[in-house]
Every structure is written in C-alpha cells, then in structure tokens.
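Asks:
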Amino acid sequence: MGSDADVPVEEVNPPDAYKILSEDMTARLVDVRSAAEWGFVGGPDLSALRRDVIRIEWQSWPGMSPNPAFVGALMDEMGSDPPILLFLCRSGGRSKAAARAVTRAYAARDVAVRCINVAEGFEGDLDSDGHRGVLGGWKARGLAWRQT
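Under this note's numbering, the first residue of the sequence shown is numbered 130, with each subsequent residue one higher.
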C-alpha cells in the first residue's frame, strides 16, 4: 500500500467550492484547521445556504500534533454513503493531506468518495509583507465568513 501522497485529490479554488456547495445540497465543507484558528481567524459562513461547516481538527495547536481520531470521526459523521466532501485549511496543505487520508480510508472499505481540496484555503498564501488574507483564499475572494 502506498502513502497518502499517492492518492490523487481533485482541487478547486474557493469560489468553485462555494458553487459546488450551493448547487449540491448534499456536499459538505470540512474545515480541518485547529480550534485556535477557528477562534482567532474565523471561518466560512454557509448560513446563506442554510448549511453548517463540519469542523474537525486535522492537527491540534500548539505543536500541530496530528489528530489520530480525524478520519474515524469524519467517517462516523458521513456514514457509508458519503457526499462530496470539500476540505479547507489555512492555505491548502493540511486539507489536501486530510482529503487524501479520507479517500484512502473509504477506498479500504470499497466505498467511492469524491474528496476535493479547496486550494488557497481560508487565508491564502503570504503576500510580500508576510500577511495572509490578501492573496487568494476564501476571505480574500470575498466569500462569506465570520469570526467564531
């Protein structure tokens, strides 16, 4: 068996992720950032779609230690017939790893799942001044968000 890095995961930008969520009422957004990030930075607001964001830490702050319960917790919530799952983190790295791990876990059960990484994440990449939230990301692209 290969590593999770061998698992292909589709990627979309934040506006395309929002479009998927607005057009497919079974699709779910999974925010894999840490509880500290949710509290200090805020998160996507899907209330206009009458939807909730699933928040499960992929890694926990401080130290960003891996959450060994992540895959199981998400699979328990989604069941044996998972919807489209869109994964979001700060800038797209952790969410891609989480999407790969979930894809691999469902495949081990012979269940197909469409896991999509939201490239750019919630805050996007650093700008020339070292700040996030300006170059790409859910916030900078003008999508609904709120402090949590």
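Every residue, glycine too, gets a C-beta built ideally from N, C-alpha and C.
With distances taken between CB atoms, is the gap from Asp273 to Ala177 smaller than 8 Å?
Replies: The displayed chain sequence assigns Ala, not Asp, to residue 273. Cβ atoms of Ala273 and Ala177: closer than 8 Å.
Asks: Is Lys148 buried or exposed, if buried means 16 or more other CB atoms sit within 10 Å of its CB?
Replies: That one is exposed.
Asks: Give the straight-line distance between the Cα atoms of Asn142 and Ala248, rounded to the nearest whole angstrom.
Replies: Rounded to the nearest angstrom, the two C-alpha atoms are 5 Å apart.
Asks: Just to confirm my understanding: we take Ala241, look at its own chain, exclude 5 residues before and 5 after, and list those with CB closer than 8 Å. What are they?
Replies: Answer for Ala241: Tyr235, listed in chain order.
Asks: Kindly confirm or deny that the stretch 215-223 and the stretch 160-177 touch, where touching means at least three C-beta pairs closer than 8 Å.
Replies: In short, these stretches touch, since the Cβ pair count reaches three.
Asks: Out of Pro173, Ile213, Val231, Pro212, which has the shortest C-alpha to C-alpha gap to Ala198?
Replies: For the residues Pro173, Ile213, Val231, Pro212, the minimum Cα distance to Ala198 belongs to Val231.
Asks: Do you know offhand how far Pro137's Cα is from Gly168's?
Replies: Computed Cα separation, rounded: 31 Å.
Asks: What is the rounded straight-line gap between the Cα of Asn196 and the Cα of Trp187?
Replies: Cα-Cα distance, rounded: 5 Å.
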